[in-house]
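Trainee: Here it is: the structure, laid out below.
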Amino acid sequence: MIRRGNSLADSISSSPEETIALGEGIAALLQRGSIVALRGGLGAGKTCLTKGIARGLGVSEEVTSPTYTIISEYQGKVPFYHIDAYRLQGDDDFIALGGEEVLYGAGVSVIEWSERLPHSIPEHALVIEIEIIEQDRRKIHIAQGAVEE
Ligand SMILES: Nc1ncnc2c1ncn2[C@@H]1O[C@H](COP(=O)(O)OP(=O)(O)OP(=O)(O)O)[C@@H](O)[C@H]1O
Ligand SMILES: [Mg+2]
2 MIRRGNSLAD SISSSPEETI ALGEGIAALL QRGSIVALRG GLGAGKTCLT
52 KGIARGLGVS EEVTSPTYTI ISEYQGKVPF YHIDAYRLQG DDDFIALGGE
102 EVLYGAGVSV IEWSERLPHS IPEHALVIEI EIIEQDRRKI HIAQGAVEE
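Residue numbers for the sequence shown follow the numbering used here, beginning at 2 and rising by one.
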């Protein structure tokens, strides 16, 4: 099944700083319960965009990507959850870790490698796909709604 979300915006970023700034702008669209699903290969810039979103939500601590941490919690204007699904086998693994309580709780969640959790991403999620165009350039596509392939 292929379900394409509604396309909201396409943007080009020419540097990590621009991607962070874009993340800060995206944060203004988010509220408690918002879910942002990030897609894009290794080194695309998912964590970089997440840093911007966190900053925009008033998180002062620096968002990092510890290798074996799946769910990191930060405090901003609302609780902020950074989920890295890279090492998860799939939705069942995520649910066993308490992922659903996080997604349906009172915070904002950003999920890297969200394509690994096809059944956990709800329809209302913002789905952001980052594509590497060249060394420092990224195409960033923002849509609303889960995508299944
Ligand atoms: N326009 C850009 N936007 C974001 N990152 C960029 C850009 N140009 C270059 N980069 C570089 O690309 C890398 C992106 O790393 P980042 O950790 O954010 O990627 P990631 O998608 O989270 O990777 P992973 O799949 O390993 O989690 C960084 O080294 C960053 O400096
Ligand atoms: Mg990352």
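Just so you know, even glycine gets a beta-carbon here, dropped at the ideal spot from N, CA and C.
If you measure from each CB to the nearest heavy atom of ligand 3 and keep those under 6 Å, what residues do you get, in chain order?
Mentor: Ligands displayed in this structure: ligand 1 and ligand 2; ligand 3 is not among them.
Trainee: Considering only residues of the same chain and omitting the five flanking positions on each side of Lys-52, which have a CB-CB separation below 6 Å?
Mentor: Closer than 6 Å at the Cβ level, and outside the excluded window around Lys-52, lie Ile-21 and Val-64.
Trainee: Give me the Cα-Cα distance between Ile-27 and Leu-58, rounded to the nearest whole angstrom.
Mentor: If you take the alpha carbons of Ile-27 and Leu-58, they lie about 10 Å apart.
Trainee: What distance in whole Å lies between the Cβ atoms of Ala-55 and Gly-77, which are believed to be in contact at a cut-off of 8 Å?
Mentor: Right, their Cβ atoms sit about 7 Å apart.
Trainee: In this structure, does DSSP put Ser-66 in helix, strand or coil?
Mentor: Here Ser-66 sits in coil by DSSP.
Trainee: Just to confirm the assignment, what range does the beta strand (DSSP E) spanning Glu-124 have?
Mentor: Looking at the DSSP string, Glu-124 is not in any beta strand (DSSP E), and its letter there is neither H nor E.
Trainee: Given a threshold of 16 other Cβ atoms within 10 Å of its Cβ, counted over all protein chains shown, does Gly-108 qualify as buried or as exposed?
Mentor: Looking at its Cβ environment, which holds 16 or more other Cβ atoms inside 10 Å, Gly-108 is buried.
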